[in-house]
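> Residues are numbered in the working numbering as their position in the sequence shown, beginning at 1, plus a constant of 3. Backbone N, C-alpha and C define an ideal beta-carbon position, used for all residues, glycine too.
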Amino acid sequence: MNRIPERWVRAAACFAVLALLALAVASSLSAQEKSGAKAGASAKAEDAGSTGNIENGKKLFMSDGCFECHGTVGQGSTSTGGARIGPPAISLEEMIQYVRHPSGQMPPYTAKVISDENLGDIYAYLKSQPKAQPSKNIPLLNQ
Numbered sequence: 004m005n006r007i008p009e010r011w012v013r014a015a016a017c018f019a020v021l022a023l024l025a026l027a028v029a030s031s032l033s034a035q036e037k038s039g040a041k042a043g044a045s046a047k048a049e050d051a052g053s054t055g056n057i058e059n060g061k062k063l064f065m066s067d068g069c070f071e072c073h074g075t076v077g078q079g080s081t082s083t084g085g086a087r088i089g090p091p092a093i094s095l096e097e098m099i100q101y102v103r104h105p106s107g108q109m110p111p112y113t114a115k116v117i118s119d120e121n122l123g124d125i126y127a128y129l130k131s132q133p134k135a136q137p138s139k140n141i142p143l144l145n146q
């Protein structure tokens, strides 16, 4: 019987994490628009408690193949269909829940495939990325 290469399993896990983050970002942005600054302040306070290792998260993000669909900093890709997931707009707990029980095309990933600690490190790496600028702040897009 052929075994699935570990690199493929890790890449699939990263894809799952990234897809989760993309869906969560979309949901979170919608919720923040509805509830205003109060929701944004609450999410920031909740995420301030995460203590993942940014450098290890970057290493895992690259070595597990997450970047192949989502770009090197979670910016997403139109060519692969990988959603933007960095920086995440959801809590670490929500991300872990989504990775374990995703919707859409992303397969579920158990703790045997990727640990909560490793997901926390990937989350910290993605959270360390700067937020995208609004298009109104990019001169080339406003000509």
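If you reduce the DSSP assignment to three classes, tell me which class Val102 lands in.
DSSP places Val102 in helix when its eight states are reduced to three.
> Within this structure, are the beta carbons of Leu63 and Asn121 separated by less than 8 Å?
In this structure, Asn121 lies closer than 8 Å to Leu63 by Cβ.
> Identify which residue in Pro110, Arg13, Asn59, Gly68 has its Cα closest to the Cα of Gly123.
Nearest C-alpha to Gly123: Asn59.
> Compute the beta-carbon to beta-carbon distance between Gln132 and Gly89, rounded to the nearest angstrom, for a pair I have assumed lies under 8 Å.
Confirmed, about 4 Å.
> Enumerate in chain order the residues of its own chain whose CB-to-CB distance from Gln100 is below 6 Å, with the five nearest sequence positions on each side excluded.
So the list is empty, once near-sequence residues are dropped.
> So, under 8 Å CB-CB, Thr147 and Cys72 are touching, yes? Tell me the CB distance rounded to an integer number of Å.
Examination of residue 147 is not possible in this model, given that the chain is present from 4 through 146 alone.
> Am I right that Tyr128 and Pro91 are in contact with their C-beta atoms under 8 Å? What's the rounded C-beta distance?
At roughly 10 Å, the Cβ-Cβ gap does not stay under 8 Å, so Tyr128 and Pro91 are not in contact.
> Based on Cα-Cα distance, which residue from Lys134, Leu143, Lys130 lies nearest to Asn56?
Asn56 has its Cα closest to that of Lys130, out of Lys134, Leu143, Lys130.
> Which full runs of the alpha helix (DSSP H) of 4+ residues lie inside the region 53-80, going along the chain?
As far as the region 53-80 is concerned, its whole alpha helix (DSSP H) runs of at least 4 residues are 57-66, 70-73.
> Within the continuous alpha helix (DSSP H) that includes Ile141, where are the two ends?
Where Ile141 is concerned, there is no enclosing alpha helix (DSSP H), given that its DSSP letter is neither H nor E.
> Please identify the residue among Gly85, Met98, Ala114 whose C-alpha is closest to the C-alpha of Gln108.
It is Gly85 whose Cα lies nearest to the Cα of Gln108.
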